[in-house]
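Visitor: Structure in structure tokens, see below.
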Amino acid sequence: EAPVPPEPAQLQNTGFEAPSTTGVKSAPFTEGWSFVGRSGIQHNGSAFGAPSAPEGTQTALLQSRDGQHGSFSQTLDMAAGDYTLSYQASRRPGYSAVQTVQVLIDGVVVDSFAPPTATFTSHTSPTFTVSAGDHEIMFRGSAASGDATAFIDQVVLSPIP
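Mapping the sequence shown onto the numbering used here, position 150 (from 1) lands on 230, and the numbers just tick up by one.
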């Protein structure tokens with residue numbers, strides 16, 4: 081009997097539906113993702129004014145303000161190979177400062193994306209390569225000035241055949 085190939089690595093809580101909140105849940109906490117600094121989960125209709133989540137009723141948020149940046153990350157055991165990371169991102173309505181979302185793999189920036197509008201936009205990272213083992217996937221806000229917030233939802237890690 082042929083060996084069964086291992087299941088591909090799966091991110092947890094990719095729609096940010098846990099923990100459930102009716103407003104905003106700020107860092108630090110862990111629910112699949114570890115949230116640090118100016119980051120958290122917000123519910124549709126929260127004080128942040130995000131557009132409705134494309135998946136479920138909650139999104140992650142990344143804020144940069146007063147020189148402090150939010151981030152959230154998850155570590156998972158990945159097979160060696162090439163991957164992309166896709167997600168939906170939006171700016172905060174009514175604010176002129178633009179949040180640039182950085183995606184880091186093991187502390188190395190592999191992608192930067194500034195959501196163009198206050199409507200969720202699909203984005204896919206360039207292909208990145210990892211060795212077999214544990215790897216940290218991080219989303220980090222990096223706006224240089226102002227009060228800049230981005231909302232993230234529907235995170236998908238895809239192996240490239």
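The beta-carbon is built from N, C-alpha and C at its ideal position, and this holds for glycine as well.
In the DSSP assignment, find the beta strand (DSSP E) that holds Ala140 and state where it starts and stops.
Guide: Your numbering for residue 140 matches position 60 in the sequence shown. 138-145 is the extent of the beta strand (DSSP E) around Ala140.
Visitor: Taking the DSSP output, what are the residues bridged to Phe128?
Guide: Here residue 128 refers to the residue found at position 48 when the sequence shown is read from its first residue. Phe128 pairs with nothing; no bridge assigned.
Visitor: Identify, in the order they occur along the chain, each residue of the same chain with its Cβ nearer than 7 angstroms to the Cβ of His203, setting aside the five sequence neighbours on each side.
Guide: Residue numbering aside, residue 203 sits at position 123 when the sequence shown is read from its first letter. Counting only Cβ-Cβ distances below 7 angstroms, and skipping sequence neighbours, we find Ser166, Tyr167, Ala169, Phe193.
Visitor: So, do the region 217-234 and the region 141-150 have three or more beta carbon pairs nearer to each other than 8 angstroms?
Guide: yes
Visitor: In angstroms with no decimal places, state the Cα-to-Cα distance between Phe109 and Tyr163.
Guide: For this step, residue 109 is matched to residue 29 along the sequence shown. For this step, residue 163 is matched to residue 83 along the sequence shown. Straight-line Cα distance between these residues: approximately 27 angstroms.
Visitor: Kindly give me the distance between the Cβ atoms of Gly95 and Gly136, rounded to whole angstroms, as I take these residues to be in contact under 8 angstroms.
Guide: Translated into positions along the sequence shown, residue 95 becomes position 15. Translated into positions along the sequence shown, residue 136 becomes position 56. 5 angstroms between Cβ atoms; contact.
Visitor: Could you check the C-alpha separation between Leu184 and Met218 for me, to the nearest Å?
Guide: Looking up residue 184 in the sequence shown gives position 104. Looking up residue 218 in the sequence shown gives position 138. Leu184 and Met218: Cα-Cα distance of roughly 5 angstroms.
Visitor: Where DSSP assigns a beta bridge to Leu165, which residues make up the other side?
Guide: Position 85 of the sequence shown holds residue 165. Answer is Leu237, bridged to Leu165.
Visitor: Let me know if Thr207 comes out buried or exposed under the rule of 16 or more other beta-carbons within 10 Å of its beta-carbon.
Guide: As a first step, residue 207 is located in the sequence shown; it is residue number 127 there, counting from the start. The residue is exposed, with fewer than 16 neighbouring Cβ atoms inside 10 Å.
Visitor: DSSP on Phe219, reduced to helix/strand/coil?
Guide: The residue labelled residue 219 in the question sits at position 139 within the sequence shown. Strand, per DSSP.
Visitor: Considering only C-alpha positions, which residue in the set Ala98, Ser211, Gln182, Lys105 is nearest to Ser126?
Guide: Translated into positions along the sequence shown, residue 126 becomes position 46. Of Ala98, Ser211, Gln182, Lys105, the residue nearest in Cα terms is Lys105.
Visitor: What does DSSP give as the partner residue(s) for Gln148 in the beta ladder?
Guide: Taking the first residue of the sequence shown as 1, we reach residue 148 at position 68. Its beta-bridge partners are Arg145.
Visitor: How is Ala224 classed by DSSP in three states: helix, strand or coil?
Guide: Position 144 of the sequence shown holds residue 224. DSSP places Ala224 in coil when its eight states are reduced to three.
Visitor: Which same chain residues end up closer than 6 angstroms to Glu111 when comparing Cβ atoms and leaving out the 5 residues on each side of it in sequence?
Guide: Here the question's residue 111 lines up with position 31 in the sequence shown. Excluding sequence neighbours, Glu111 sits near Asn93, Ala98, Pro99.
Visitor: Can you give me the Cβ contacts of Gly252 inside the same chain, cut-off strictly under 8 angstroms, excluding the 5 residues immediately before and after it?
Guide: Residue 252 is absent from the structure shown; the chain starts at 81 and stops at 241.
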